[in-house]
């Protein structure tokens, strides 16, 4: 192959010339017919002259082959297009590549924009080809990079890199087939939309270094996204009308993050969000350097159960997360990195699962809204802390396994109507009120360290342990508990509540509201009281104002008897001159004479004049009958039954 050094003008005159183009100040043109100039360089060369042609019928095509580089410094006007099939082609001028299409056809080829503004349409069929900028001056591509291969054909992958920034204003679009654009190098690559073509329309996108900024004005769809390093930065200026349901950055398949940063860069404009099918990988960070709130949506569309070890964190702006249904109910999305973002976490469907301890964000309010299918928060037996738990979905589930969920640190007032299950426990922190309205089945400890835990009677397992070490419990009705502790000190069985609750144990420091906590099995009297609307009353009160004390009605009716209304008491009977009175207790009454009930007598009815009778004297017990026999003779005597249930 001959070396070619042109110092004046070389007219190819319709021929094809192949040579090693050395440094040359001359011009190249063609007249009379189309021509091809091929720079098959094995040594680097620089063309300072002008490459031109005479237009239709007399076009010049420039072809770069060989392993060395060729720099085109002239304001070239040739219109036959440029083909880069090997080595490096360097733009030394904004018009270096004439006016035709620039086609990259070899995977070893490198296109160096070198700080120029290039307007040529670009195509690529060379897997592994590179587009770079070696200049400190930002390079600009104003044309589109539009791929159109036969359906199913793999479009050649390419890499954009360099030390100088690149601005691509024409968009990159794949209309069929597949392909991946990789951003490497320490520079910033900005890809903007043009003529409705999204920055990376339909392409797989990979970021390994530097910054890739996607600028746009309309909705777009990507294929797979891979971030191993560097930063993918979204456009903060994308705005839609209030309430619109449009995605700022939609990836139709999978985001793989093993490192680097995905910067949502949001201004918080109405309707903006970033959606991806799922996230998987070993690391990386999702954040928001914008001035407003951003939303990341994970829209599951298949049966895959992805695992991601990266993290989501606020930047100058906040990040919120939504897990939503997209075609696969109960898809499990497992997170094993420690998240710290402060926006809400909405689990609209599917399962958000912990892959390690303390991975859920303690700064986020977790919400499971009423939406198609009940979402699930799965601790997977790993202790985790969240900001709060709430929602309005009765089918929502929190799966503890053996772990403890700590909630309330954001001090929000929330209500959770779903079910918390497992052998683990629940800890309430923070100043807010956490209300449980579902029938929870978890069997571990319930600990209140701050704020208020409100329960409705079925919210906690009857055999569970309640620990109050700060804050208050506010029951509605009667909430059964197996045991009660104030800190590490166990408390007595019985009813506990605030003033006005009627509980046997009043503690306004640790309890609020009108309900009670029943610790241990309820006594028979408590059961009778609940059945007769006398909850909170004592045995010597009269709940129905019939003149009969509650204790006596309980004795007669038993723990399940209905004695509300008028209750008849026995009178004195005389048989053979012997007078007596008999009280008959219910078959399910289990009290013992002495501690639970007894008979008293008095001759005057005066206070302090009553005497307790003993069994075997004037009192006899036969089965359910308790009989007092009056002494013989005309002696004035009064008798009464006293019931003192525990």
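Residue numbers (my numbering): 6 to 651.
The beta carbon of each residue, even a glycine, is placed where N, CA and C say it ideally should be.
Cβ-Cβ separation between residue 522 and residue 486: approximately 6 Å, consistent with a contact (criterion under 8 Å). In this structure residue 473 is buried. Its beta-carbon is surrounded by 16 or more other beta-carbon atoms within 10 angstroms.
About 6 Å separates the beta carbons of residue 171 and residue 118, which is inside the 8 Å limit, making them a contact pair.
In this chain, the alpha helix (DSSP H) harbouring residue 529 covers 529-536. Under the criterion of beta carbons closer than 8 Å, residue 548 and residue 538 qualify as touching, at roughly 6 Å. Residue 90 places its beta carbon 7 Å or farther from that of residue 106. Here the alpha carbon of residue 287 sits roughly 49 Å from the alpha carbon of residue 518.
For the pair residue 173 and residue 92, the Cα-to-Cα distance works out to about 22 Å. Our two residues, residue 498 and residue 454, have alpha carbons roughly 21 Å apart in a direct line.
When DSSP states are grouped into helix, strand and coil, residue 558 belongs to the helix group. Only buried fits residue 431, as 16 or more other CB atoms lie within 10 angstroms of its CB. Here the C-alpha atom of residue 554 lies approximately 10 Å from the C-alpha atom of residue 560. DSSP places residue 74 inside the beta strand (DSSP E), whose first and last residues are 74-77.
With the rule of 3 Cβ pairs closer than 8 Å, the segment 427-445 does not count as touching the segment 372-381. When the alpha-carbon of residue 165 is set against those of 61, 271, 193, the nearest one is in 193.
A straight line joining the alpha-carbon of residue 385 with that of residue 313 spans about 15 Å. If you draw a 10 Å sphere on the C-beta of residue 469, you find 16 or more other C-beta atoms in it, and that means buried. When rounded, the separation of the alpha-carbon atoms in residue 401 and residue 365 is 17 Å. Under the criterion of beta carbons closer than 8 Å, residue 75 and residue 44 qualify as touching, at roughly 5 Å. Under the 10 Å beta carbon count, residue 218 is surrounded by 16 or more other beta carbons and is classified as buried. Sixteen is the threshold: since fewer than 16 other Cβ atoms of the shown chains lie within 10 Å of the Cβ of residue 133, the residue is exposed.
For the 7 Å CB-CB criterion, residue 433 and residue 458 form a contact.
Taking residue 592 as the centre and dropping the five residues before and after it, the same chain places the C-beta of 563, 629 closer than 8 Å to its C-beta, in chain order. By alpha-carbon distance to residue 395, the top candidate from 420, 413, 415 is 420. The residue from 381, 86, 143 with its alpha-carbon nearest to that of residue 350 is 381.
When only Cα atoms are considered, residue 571 and residue 632 end up about 22 Å apart. One Cα belongs to residue 31, the other to residue 190, and the distance between them is close to 35 Å. Counting the other Cβ atoms within 10 Å of the Cβ of residue 46 gives 16 or more, which makes it buried.
At the C-beta level, residue 451 and residue 465 come within 7 Å of one another. The secondary-structure analysis by DSSP pairs residue 588 across a beta bridge with 631. Only buried fits residue 163, as 16 or more other CB atoms lie within 10 angstroms of its CB. Straight across, the Cα-Cα distance linking residue 413 with residue 369 is about 10 Å. The beta strand (DSSP E) runs lying completely inside the segment 118-143 and spanning 3 residues or more are 127-129, 134-138, given in chain order.
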